[in-house]
Amino acid sequence: MKNIAVCMKQVLDPEMPLSLFRIDPETKSALPARGAPPVLSPFDENALEAALRIKDDEKAKVTVITLGRRLVRAVVTASLAAGADELLLLEDASFNEFDPFLTASALAAAIRKRGPYDLVLCGLQAADTNAGLVPIGIACLLGVTCLTGAREVRLKEESVVVARSLAYGYEVLEAPCPAVVTVTYEVGSLREPGVEAFMSASAKPVIVWTAADLELEQAGMAGGRTEILRMEVPVRASRCEILEGESVQAKAEQLVSRLQQAKVI
Amino acid sequence: MVPPADGRGVLVYCEVEGGRLAPLALEVLGVGRRLASALGQELGAVLIGEGVAPLASEVIVHGADKVYVGEAGLLCEYVLELYLPVVEEAIEQAQPAILLFGHTLVGRELAPWTAFRRGVVASMDCVALEIDPHTKRLLMTRPVYGGNAQAVQVSMGDPQVATVRAKTMAPAVKDHGRYGQVVELKAGGRLPAPRVKVLERKAEPGTRVKLEEARVVVAGGRGIGSASGFKQLEELAGLLGGAVGATRPPCDAKWAKESQQIGITGRIVGPELYIAVALSGASQHLAGCSAAKVIVAINKDPEANIFHVVDYGIADDWKAVVPALLSCLRARTDKETEGIWR
Ligand SMILES: Cc1cc2nc3c(=O)[nH]c(=O)nc-3n(C[C@H](O)[C@H](O)[C@H](O)COP(=O)(O)OP(=O)(O)OC[C@H]3O[C@@H](n4cnc5c(N)ncnc54)[C@H](O)[C@@H]3O)c2cc1C
Ligand SMILES: Nc1ncnc2c1ncn2[C@@H]1O[C@H](COP(=O)(O)O)[C@@H](O)[C@H]1O
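If you're matching them up, the sequences are chains Y and C in order. Sequential numbering from 42 applies to the first sequence in the numbering used here. Sequential numbering from -14 applies to the second sequence in the numbering used here.
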């Protein structure tokens, strides 16, 4: 049986209305928004879908690992309802969603501690950090390879085969297991939980570990971090001229003449 | 806490595309030169591939003081495990304070790997890079939360590693009076047998839209509603000598090709003119087009966010506006041709 770990991050809903988005200058991160509950990061949902497709075809155990300071149970247990077998929550007030170094160390330590694994699936990048650092950090710490940006993931006897889009085409790569693979939305959306999976979700194991359970000092990389000096919402001065006119044709003519004046057509 | 400053100079990775320096490589050289001069230090550049040595003089003309060249037949195409040791050989020699990559498929892998392996963390997808005049550390500005906010961060260790978003930094200016040194890397001799095998690599026909180079880009969103709607945008783009892009939903729905997606996870374009049709202006999309000189939006919802970031807007149904634009433009083209014949 294959063991697949899927790293899924709880993030601020990237599709929430901009009017609700606020930065806390103290913590230099976004404030939780009233009326917009957090979600699982979109590419991580694709990563879970990739794992579940492997499980559709062969015997596999899918463990979802979510790390955060304060995890909303209703949000993170959605992975179990969708079909994951167990949920490993790494919850500690000392965790920081913008510290890829600490996050990768904790996730790698948890993966090690949980037992043998064939594949670690992650999102290409998290919707809050937009970085794509943690999976490579995990691979670096575990001493395995990392294939990034997969649009398709298949597991073979002792290797993983991944297709990914290139600027002008695609390539198919094969890496020995265990390996870390990151996926994009091209993999496809996470399936809606079936009635059965939904009903059985509450019976599935949820394990909670803190930083102390992970003995992070040994797992971590020594060295320099990045420090966020400030975080701000960029001010956008609106300069838009809405073209008015009697008819659509009149508006279109105005636009064409404006663009000619601006010498862009 | 005063961070350590044990590195010297700036080292940039120059990506090669089809035997030539990639446009983004010139932008990375441009910012690298500016930072090196601000520090009063050297700019080094890394060139890797098969037959790339002749490009070294071009890299020098574009601002590098020293070019580290990794030439080998095996390096004809990018494979992380083959390129990483060659980049690391250059890093060992240069011991840079700052290490820059373009934010491409290649840079997205090489930057985190080289950083983590040196106990530091890379700053990804930067849109501004400045030297702090007091601390002499690199201030790295990067969009977070899908572009809803920007973080300014600093690396506490050296090298300070960053990737640069396309079209955000001024490209290097050519100066034929410059001279520099070429350093050959031993690369070829000690490449490991890669664990990752490339089973297949193919160009997909029709994906060469060259969106990045187009002077005009017409982008369609979810409101276009169908593949045939995109045909009309093709017609509009055709009349303007441009190319067609899309937001995420049309790519998902297969009205447009994945390679046409513009945004944080797609392409970054910087045309003279960007026409956004029936798309709402999500920050993840705007990340890919805000470098455009003039932006136009056509959206039937006057409250749509896109109107906050454009120069000209038409708040109406695209199904009426696009045909009207087509007829205006055709009339204009007819007049021009008349002019020629007269
Ligand atoms: C991690 C992450 C990465 C992402 N990366 C990208 C990316 O790279 N690129 C990208 O584009 N998206 C990306 N997205 C998705 C992004 O958040 C938005 O969901 C997407 O851009 C919305 O596309 P849209 O504007 O076409 O659709 P919508 O937001 O649904 O907007 C459709 C618009 O069309 C208008 N409309 C409808 N009918 C008509 C009509 N007949 N005439 C005129 N107007 C009409 C509507 O008023 C509306 O404003 C990403 C999301 C996440 C979470
Ligand atoms: N706190 C977290 N918990 C679980 N997975 C995470 C966490 N942070 C990052 N990841 C994984 O790493 C990917 C990339 O994150 P990042 O490097 O922050 O862009 C995410 O898509 C997740 O798969």
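Virtual Cβ for every residue (Gly too), placed ideally from N, Cα, C.
- Proximity of chain C to Y:Gly164 at the Cβ level (cut-off 7 Å) is not reached, the minimal Cβ distance being about 11 Å.
- In this structure, the CA atom of Y:Gly124 is about 26 Å from the CA atom of Y:Met57.
- Nearest Cα to C:His270 within the set C:Leu(-4), C:Val13 and C:Asn133: C:Asn133.
- The Cβ-Cβ distance between Y:Val105 and Y:Leu131 does not fall below 9 Å.
- Taking a 10 Å sphere around the C-beta of C:Cys61, we find fewer than 16 other C-beta atoms and assign the residue as exposed.
- Put simply, the CB of C:Tyr297 is near chain Y, with a gap under 9 Å to one of its CB atoms.
- Short of 8 Å from the beta carbon of Y:Tyr211, and not among the five residues preceding or following it, lie these beta carbons of its own chain, in chain order: Arg192, Ala204 and Arg205.
- With a cutoff of 8 Å, C:Leu264 counts as near ligand 1, since its C-beta is closer than that to a heavy atom of the ligand.
- Assigned with DSSP and collapsed to three states, C:Arg315 falls in helix.
- Each of Y:Tyr158, Y:Met49, Y:Ser60 and Y:Pro66 was checked against the Cα of Y:Leu81, and the nearest Cα belongs to Y:Met49.
- For Y:Pro275, at least one C-beta of chain C is nearer than 9 Å to its own C-beta.
- Secondary-structure assignment with DSSP links Y:Val80 through a beta bridge to Y:Val52.
- For the 9 Å CB-CB criterion, C:Leu(-4) and C:Ala75 form a contact.
- Residues of the stretch 207 to 220 of chain Y with a Cβ closer than 8 Å to any Cβ of chain C, in chain order: Leu207, Ala208, Tyr209, Gly210, Tyr211, Glu212, Val213, Leu214, Glu215, Ala216 and Pro217.
- Among the residues of chain C, those whose CB is under 8 Å from the CB of Y:Phe62 are Tyr130, Asn133 and Ala134, following chain order.
- Residues of chain C whose Cβ lies closer than 7 Å to the Cβ of Y:Thr186 are, in chain order, Arg180 and Val181.
- Three or more pairs of CB atoms, one per stretch, sit closer than 8 Å, so the stretch 179 to 186 of chain C contacts the stretch 208 to 222 of chain Y.
- Only exposed fits Y:Ala115, as fewer than 16 other CB atoms lie within 10 angstroms of its CB.
- Secondary structure at Y:Lys154: helix, using DSSP grouped into helix, strand and coil.
- With a contact defined as Cβ atoms closer than 8 Å, C:Ala23 and C:Ile116 qualify at about 4 Å.
- Look at Y:Asn87 here: in three-state DSSP terms it is helix.
- In terms of CA proximity to Y:Pro176, Y:Ile152 leads the group Y:Ala119, Y:Ile152 and Y:Val247.
- Counting C-beta pairs closer than 8 Å gives three or more between the stretch 226 to 234 of chain C and the stretch 248 to 262 of chain C, which meets the contact rule.
- Y:Asp98 carries a helical assignment under DSSP once its states are collapsed to helix, strand and coil.
- Counting the other Cβ atoms within 10 Å of the Cβ of Y:Lys100 gives fewer than 16, which makes it exposed.
- Under the three-state reduction of DSSP output, C:Thr153 falls in the coil class, being neither helix nor strand.
- Residues of chain C with a Cβ closer than 7 Å to the Cβ of Y:Ser279 are, in chain order, His293.
- If you ignore the 5 residues before and after C:Asp160, its C-beta comes within less than 7 Å of the C-beta of Val46, all in its own chain and listed in chain order.
- For C:Ala204, the uninterrupted beta strand (DSSP E) run begins and ends at Val201 to Gly205, by DSSP.
- Against C:Asn290, the close residues of chain Y are Leu59, in the order they occur along the chain (beta-carbon pairs closer than 8 Å).
- Residues of the same chain with a CB within less than 8 Å of the CB of Y:Thr170, apart from the 5 flanking positions on each side, are Glu138, Phe139 and Pro141 in chain order.
- With fewer than 16 other Cβ atoms from the protein chains shown falling within 10 Å of its own Cβ, C:Ala155 counts as exposed.
- Counting along the chain, the unbroken beta strand (DSSP E) around C:Tyr297 starts and ends at Tyr297 to Ile299.
- Closer than 9 Å to the CB of C:Val139 there is at least one CB belonging to chain Y.
- At a cut-off of 9 Å between C-beta atoms, Y:Ile106 does not count as an interface residue with respect to chain C.
- At a beta-carbon threshold of 7 Å, none of the residues of chain Y lie near C:Ala30; the nearest stands roughly 22 Å away.
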